[in-house]
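Here the sequence shown stands for residues -18 to 448, numbered as in our numbering.
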Amino acid sequence: MKLDWCRGILYVTIMGMESCWLYALIALLNKQVAGGHLSTLGLLLLYPLAFGFNKLIQQLRWPQVGLRSTSWLAWAVGMLLMMKTQMYSGAALSDPAWLMALPQAIAEVLYTFKPELIILVSSAVMWWLGRRLAHIRINFATSVSEFQFGLAILLITFFVTSQLRVDLADSVPIALIFFVFALLGISIAHAQESTSWLSGLYQGHWSGLLLVSIGLILILGLLISSVVTPDLLKLILAALKWVWGLIIKVIAFIASLFPEPEPGKLPPMPPMPEMKPEETFKLWTMPESLRSGLGLGLGIMWLGLILIALWRVSSQIFGWLRHKLASMAGAEVEPLPGAFRADFLSLLKRILLKLLRVRLPFQLRGKSVSILPEVASIKQIYRQLLRWAAAGGLPRRKYQTPYEYLYTLVDLLPQAQEDLNFITQQYVATRYGTSLPNEDALHQSRQSLQRIRQNRLKRMTNEYANA
């Protein structure tokens, strides 16, 4: 797959994730405000149009002010045409009635929220998202951030929909399509960084496994959504109530086996002193509608706090995974007893320090030192080179420096002298120097390692093996 095709698929996945939560929000507003008379899919057409238009005008060598002004002028024209086709299709184009409908809706926004404002706000948001997508550089971090933000918006939208008792029939397909785009985009973005199993020697095998996994998740989601119906949930709830009632009866039967205590006589109650009634005065009583609105707002606030905490935890997990999976393409995995437990305890400690801002009363074995991803990548590449050479019969001795070991490797593998020199120089400069490798150096180091591993190292003589 070429780089341009990969970038195009990444654009499609980001656009698909954002379109899912946009569709859910617009559908909710459409049913609450416009009674479902607006076309949600028609409004979503502005998103790809905004992306394509902003990508097109990027080719023009205009100042940024001119490009921005042209883009938002095109949005104003598109928004007016969308309002004309959605709400005033029978009116003439020169009729000033539909042109004055939007200013009137803005003037009356304190009293009522008209459908024209839905078109105005939703079109502005979609145009801004399309323009932003046309200017950003999509990578693994961008895909993960879009997934986290879109998931939070979808959960809040579905929660509000359930509280308002709005029938959003497309909620299950929206969630499934969102996760399909998210899984595909995150996997391809990770593969583009040449640090995942999708960029290794078995790229075709893992790509097919990825597509099969996404299809399996989609099929299982559809099956679960079709099986888990409200009637089934009611049946499960009734069964749980029956089991709980049975437990209560058993407890009551066991309690009946014990003798009942003899009733005792209570002392007479003293007479209550006469108290004058307090004079109360209610200044204001909260209306029922305001009380329900405040309850809904409080629920949304708590849900937002929970989602923020989940986002922080998932960010820590993804950061830890990216640190551990750096330069693992084509690596040979060795069993390390106790490594998972140590990594898991280190991850929990880091999450507690980030979220709770407290010091743990105990210290894990050793003091963890944060290593930059670039340094970890170069060290991992050099360790892979050492493992490959050791498997070929040429391990590095404890007394050998990196350059002494390099001369030994070059003697046995002269055709890879340039690649061996480059990896050793990058390792020495990173390990013992103060410079950090850039993305080009990391990519070239990985390519050099792959070329070296395509050769076959000659077996060492008995004199070297016994040295």
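Built from N, CA and C at the ideal position, the CB exists for glycine as well.
Owing to the predicted nature of the structure, the values given are computational and were not obtained by experimental measurement.
Within the same chain, show all residues whose beta-carbon is closer than 7 angstroms to that of residue i, passing over the 5 residues directly before and after it, in chain order.
i	result
Y4	T21, L25 and I155
R112	A31, N35 and S52
I(-10)	I169
K12	V147
D400	S429, R432 and I433
P342	Per-residue confidence for P342 stands at a pLDDT of 46, beneath the threshold of 50, marking its modelled position as unreliable; the derived number appears in the next sentence. No residues qualify anywhere along the chain.
W108	L27, A31 and W56
L227	none
P383	T405, Y408 and V409
My guess is that residue i and residue j are in contact by the Cβ rule of under 8 angstroms, so how many angstroms apart are they, rounded?
i	j	result
V294	I332	6 angstroms
I281	E127	Going by Cβ atoms, the distance from I281 to E127 rounds to 22 angstroms, so no, they are not a contact pair.
R377	L367	6 angstroms
N402	L387	7 angstroms
Q67	G16	The Cβ separation is near 13 angstroms, so there is no contact.
V14	I100	Actually they do not touch by this definition, with Cβ atoms about 11 angstroms apart.
L375	L353	About 30 angstroms separates the two Cβ atoms, so there is no contact after all.
T411	I359	5 angstroms
I200	F160	In fact, because the Cβ distance is near 12 angstroms, the residues do not count as touching under 8 angstroms.
W292	Q129	5 angstroms
P96	L19	6 angstroms
L430	Q365	6 angstroms
Y(-8)	I137	Contact doesn't hold; Cβ gap of about 26 angstroms is too wide.
Given residue i, which residues of its chain have a CB within under 8 angstroms of its CB, disregarding the five upstream and five downstream residues?
i	result
A78	Y69 and A72
I158	G(-3) and C1
V90	L98
L135	C1, W2, A5, I155, A156 and F159
L264	Because L264 carries a pLDDT of 47, less than 50, the predicted location of this residue cannot be relied on, and the following value inherits that uncertainty. Taken in chain order, the list of residues that qualify is empty.
K65	A72, L74 and W79
W223	none
T210	none
Checking 8 angstroms against the spacing of the C-beta atoms, do residue i and residue j come in under that value?
i	j	result
L149	L27	no
A105	W43	no
A133	L286	no
S416	I362	no
R432	W369	no
F139	S124	no
A372	N436	no
S103	I7	yes
F121	H171	yes
Q39	A88	no
C(-13)	Q173	yes
P395	Q407	no
Using a Cβ-Cβ cut-off of 6 angstroms (strictly less than) and excluding sequence neighbours within five positions of residue i, which residues of its own chain qualify?
i	result
F162	T(-6), G(-3) and M(-2)
L41	none
V356	T411
G131	M(-2) and W2
A82	E97
G47	none
S273	none
F262	Only weak support exists for where F262 lies, its pLDDT of 45 falling under 50; the coordinates are left without a value.
Contact criterion: CB-CB distance below 8 angstroms. Does residue i meet it with respect to chain B?
i	result
I281	Judged by its chain identifiers, the structure shown contains no chain B, having just a single protein chain.
Quick one: complete alpha helix (DSSP H) runs, 4+ long, within the segment 351 to 407? Entirely contained in the segment 351 to 407, the alpha helix (DSSP H) runs reaching 4 residues are, in chain order, 354 to 372 and 383 to 393.
Every unbroken beta strand (DSSP E) inside the segment 89 to 173 [3 residues or more]: Counting only runs of 3 or more, we get nothing.
Identify every run of the alpha helix (DSSP H) within the segment -12 to 54, keeping only runs that are complete inside it and at least 4 residues long; order them along the chain. Listed in chain order, the alpha helix (DSSP H) runs fully inside the segment -12 to 54 are 21 to 25 and 27 to 38, counting runs of at least 4 residues.
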